[in-house]
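Numbering that gives the first Met the number 0 numbers the first residue of the sequence shown as 0 and each following residue consecutively.
Think of the CB as a built atom: it goes at the ideal place given N, C-alpha and C, for glycine as much as any other residue.
Written out below as C-alpha cells is the structure these notes cover.
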Amino acid sequence: MSKPGALPERVKIVEVGPRDGLQNESRPLSIEDKLKLVTLLVDAGLRCIEAGSFVNPKWVPQMAGSDELFKRLEKKPTVTYAALVPNIKGFERALAAGAGEVAVFTAASEQFSQNNTNCSIAEGLRRFEPIFAAAGNANIPVRGYVSCVAGCPYQGEVAIGDVVDVADRLLQAGCYEISLGDTIGTGTPGRFSQLLQQVTERVPVHQIAVHCHDTYGQALANIYASLQAGVAVVDSSVAGLGGCPYARGASGNVATEDLVYMLQGLGIDCGVDLPAIIAAGNFVSACLDRSSQSKVARARAGEAA
Ligand code: HMG
Ligand code: MG
Numbered sequence: 000m001s002k003p004g005a006l007p008e009r010v011k012i013v014e015v016g017p018r019d020g021l022q023n024e025s026r027p028l029s030i031e032d033k034l035k036l037v038t039l040l041v042d043a044g045l046r047c048i049e050a051g052s053f054v055n056p057k058w059v060p061q062m063a064g065s066d067e068l069f070k071r072l073e074k075k076p077t078v079t080y081a082a083l084v085p086n087i088k089g090f091e092r093a094l095a096a097g098a099g100e101v102a103v104f105t106a107a108s109e110q111f112s113q114n115n116t117n118c119s120i121a122e123g124l125r126r127f128e129p130i131f132a133a134a135g136n137a138n139i140p141v142r143g144y145v146s147c148v149a150g151c152p153y154q155g156e157v158a159i160g161d162v163v164d165v166a167d168r169l170l171q172a173g174c175y176e177i178s179l180g181d182t183i184g185t186g187t188p189g190r191f192s193q194l195l196q197q198v199t200e201r202v203p204v205h206q207i208a209v210h211c212h213d214t215y216g217q218a219l220a221n222i223y224a225s226l227q228a229g230v231a232v233v234d235s236s237v238a239g240l241g242g243c244p245y246a247r248g249a250s251g252n253v254a255t256e257d258l259v260y261m262l263q264g265l266g267i268d269c270g271v272d273l274p275a276i277i278a279a280g281n282f283v284s285a286c287l288d289r290s291s292q293s294k295v296a297r298a299r300a301g302e303a304a
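Dropping the structure here:
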C-alpha cells in the first residue's frame, strides 16, 4: 500500500505499560513478572521502555519496587530503560538503580498539578532544576510530560496556550523531547491538529511525542492526526494497561498492539513484531487476571479459537 505523503517513514514507540500501565492496576505485579514483561517487550522489538517510576511509594505503591526492578533489568546497548521522576530524590534513586533516561512530569492545568504532585506548575518546574543539573553531569537524557493537553479531570477545559507555554518551558529547561499527554482521553483529532499546529510554533515537531489515553476511544484517531502533523514519536501501553491514579476514570494508553497494527497497515516502520507484542500483552493480562484492552489482541485470540 502506498503511504500518504505527509506521514513519517518511521515511528519511535515509547512503551509506557510497565509504568503508566502498572501504576494504576489494583493488583500488584511481582518483580519477577515485571522483569518477564520487560523482557517480552524487548524481544518484541521495543527499544524505549518506561519501566517504572521513583515517586513517593505512599502515593503510588504499585511502583515501590522500581529500585530493585531497574537494578535487575538486563542492560542492552540498543535498549533504553526510562524512569519517571518527580524531584531530585526520585532522580537520585533512578540513577542509583541504573535508569538510562528519566522523565519529569507537569501539567497544563494547575489543579491537576496540585492533585498529582502536591505543588503548582511553577513549583514543579523549580523542583526539576536540580534534576537537569544532575542529569547533565551524569549524561542522562531528560524527557518531559505535559498532562491534560486536551482537558483536565478537575478544571475541565484547558487552553491550548497553556499547553504551549508549559511545553516550551520544559524544552527551555533542557528536555530533549516533550510528550503531550491526553491524560483523560477526551481529545479528538481536530483538537490534536490545532494543538500541534500551535505547539510546533515553539517546540520543533521532531521533539514532540503524543501520549494518548483511550478513555473515549479516540486514541488511534488522535495519533493519526498527530502523524499527519509530522509527529514521529508515540507513547503506548501494552494491552492498553492502566491510567493515572490522579485522573479518576481515565483508562489506559492506546494499546501498543493496536498502534503497531495501525502503523504496519500504513506502511510505517516501528520495528515491533505484532505476534510478539500480542504475546507480551497476553502475558501481562494473565498476570493481572483481566482481559487485554487491545482490540487487535482480542481479534487475534478470536481467530485462533
Ligand atoms: P510531597 O508529599 O509533596 O513530597 O509529594 P515532600 O517532598 O513533601 O515529601 C513527603 C514525603 O515523601 C517524604 O517522606 C519524602 O522523603 C517522600 P517522609 O519524610 O514523609 O517519610 N518523597 C519521596 N520518596 C521516594 N521517592 C521520591 C520522593 N519524593 C518525596 N521521589 C511527590 C510530592 C511529587 C513526591 C508526590 O506527590 C508523588 O510522589 N506523586 C506521585 C504522582 C504520580 O506518580 N502520578 C502518576 C504519574 S504522572 C502520570 O501518570 C501522567 C503521565 O502518564 C502523562 C499523562 O498521562 O498525562 C506522565
Ligand atoms: Mg499517562
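Q: Please name the residue or residues paired with residue 210 in a DSSP beta bridge.
A: On the sequence shown, position 211 is the one that residue 210 refers to. Residue 210 pairs with 180 and 234.
Q: Alpha carbon to alpha carbon, how far is residue 224 from residue 211? Give it in angstroms, no decimals.
A: Within the sequence shown, numbered from 1, the residue matching residue 211 stands at position 212. Within the sequence shown, numbered from 1, the residue matching residue 224 stands at position 225. Distance between the alpha carbons of residue 211 and residue 224: 12 Å.
Q) Can the beta-carbon of residue 126 be found less than 9 Å from the beta-carbon of residue 87? A) Taking the first residue of the sequence shown as position 1, residue 126 is located at position 127. Taking the first residue of the sequence shown as position 1, residue 87 is located at position 88. Cβ distance < 9 Å, so residue 126 and residue 87 count as in contact.
Q.
Does residue 240 come out as helix, strand or coil in the three-state DSSP assignment?
A. As a first step, residue 240 is located in the sequence shown; it is residue number 241 there, counting from the start. Reduced to three states, the DSSP call for residue 240 is coil.
Q: Mind checking who residue 80 pairs with in its DSSP beta bridge?
A: Walking along the sequence shown from the start, residue 80 turns up at place 81. Looking at the DSSP assignment, residue 80 forms a beta bridge with 48.
Q. Excluding five sequence neighbours on each side, which residues of the same chain lie with their C-beta closer than 8 Å to the C-beta of residue 7?
A. Stepping through the sequence shown from its first residue, residue 7 is reached at position 8. Only residues of its own chain outside the window of five on either side were considered, and among them 226, 229, 230, 231 and 267 have a CB closer than 8 Å to the CB of residue 7, listed in chain order.
(Q) What would DSSP say about residue 108, mapped onto helix, strand or coil? (A) Looking up residue 108 in the sequence shown gives position 109. Residue state, collapsed to three classes: coil.
Q) In three-state terms, what does DSSP make of residue 145? A) For the purposes of this step, residue 145 is identified with residue 146 of the sequence shown, where counting begins at 1. The answer is strand: DSSP assigns residue 145 an E or B state.
**Q.** Between the CA atoms of residue 66 and residue 2 - distance to the nearest angstrom
**A.** Indexing the sequence shown from 1 puts residue 2 at position 3. Indexing the sequence shown from 1 puts residue 66 at position 67. The pLDDT assigned to residue 2 is 46, lower than 50, so where the model puts this residue is not dependable; a value taken from the coordinates is nonetheless given after this. Computed Cα separation, rounded: 43 Å.
Q: Using three-state DSSP, classify residue 71 as helix, strand or coil.
A: Your numbering for residue 71 matches position 72 in the sequence shown. In this structure, residue 71 counts as helix in the three-state DSSP scheme.
Q.
Can you list, in chain order, the residues of its chain with a C-beta nearer than 6 Å to that of residue 27? Leave out the 5 residues immediately preceding and following it.
A. Locating residue 27 in the sequence shown gives position 28, counting from the first residue. Closer than 6 Å at the Cβ level, and outside the excluded window around residue 27, lie 61.
(Q) Relative to the C-alpha of residue 95, which candidate in 84, 117, 70 and 77 has its C-alpha closest? (A) Within the sequence shown, the letter at position 96 stands for residue 95. When each option's Cα is compared against that of residue 95, the closest is 70.
Q | ligand 2 heavy atom lying under 8 Å from the CB of residue 15 | A | Residue 15 sits at position 16 when you count from the first residue of the sequence shown. For ligand 2, at least one heavy atom lies less than 8 Å from the Cβ of residue 15.
(Q) Tell me the rounded alpha-carbon separation between residue 17 and residue 37. (A) Numbered from its first residue, the sequence shown carries residue 17 at position 18. Numbered from its first residue, the sequence shown carries residue 37 at position 38. Near 7 Å, if we compare the C-alpha coordinates of residue 37 and residue 17.
Q. Using DSSP with H/G/I as helix, E/B as strand and the rest coil, what is residue 190?
A. Working through the sequence shown from its first residue, we reach residue 190 at position 191. Assignment of residue 190 by DSSP, reduced to helix, strand and coil, places it in the helix class.
Q. Is it true that the CB of residue 217 sits closer than 9 Å to the CB of residue 180?
A. As a position in the sequence shown, residue 180 is number 181, starting the count at 1. As a position in the sequence shown, residue 217 is number 218, starting the count at 1. Not closer than 9 Å, so no.
Q) If you compare alpha carbons, which of 178, 130, 186 and 82 is closest to residue 203? A) Against the sequence shown, residue 203 aligns to sequence position 204. Nearest option by C-alpha distance: 178.
Q: Measuring only between beta-carbons, confirm whether residue 137 sits less than 9 Å from chain B.
A: Judged by its chain identifiers, the structure shown contains no chain B, having just a single protein chain.
Q. In chain order, what residues of the same chain lie with their CB nearer than 6 Å to the CB of residue 110, ignoring the 5 residues before and after it?
A. The residue you call residue 110 lines up with position 111 of the sequence shown. Leaving aside the five residues that flank residue 110 on each side, the residues in its chain whose CB is nearer than 6 Å to its CB run, in chain order, 153 and 154.
Q.
If contact is defined by three or more beta carbon pairs under 8 Å, each pair taking one atom from either stretch, is the segment 251-259 in contact with the segment 185-197?
A. As far as the Cβ criterion goes, the segment 185-197 does not touch the segment 251-259, which means the pair count is below three.
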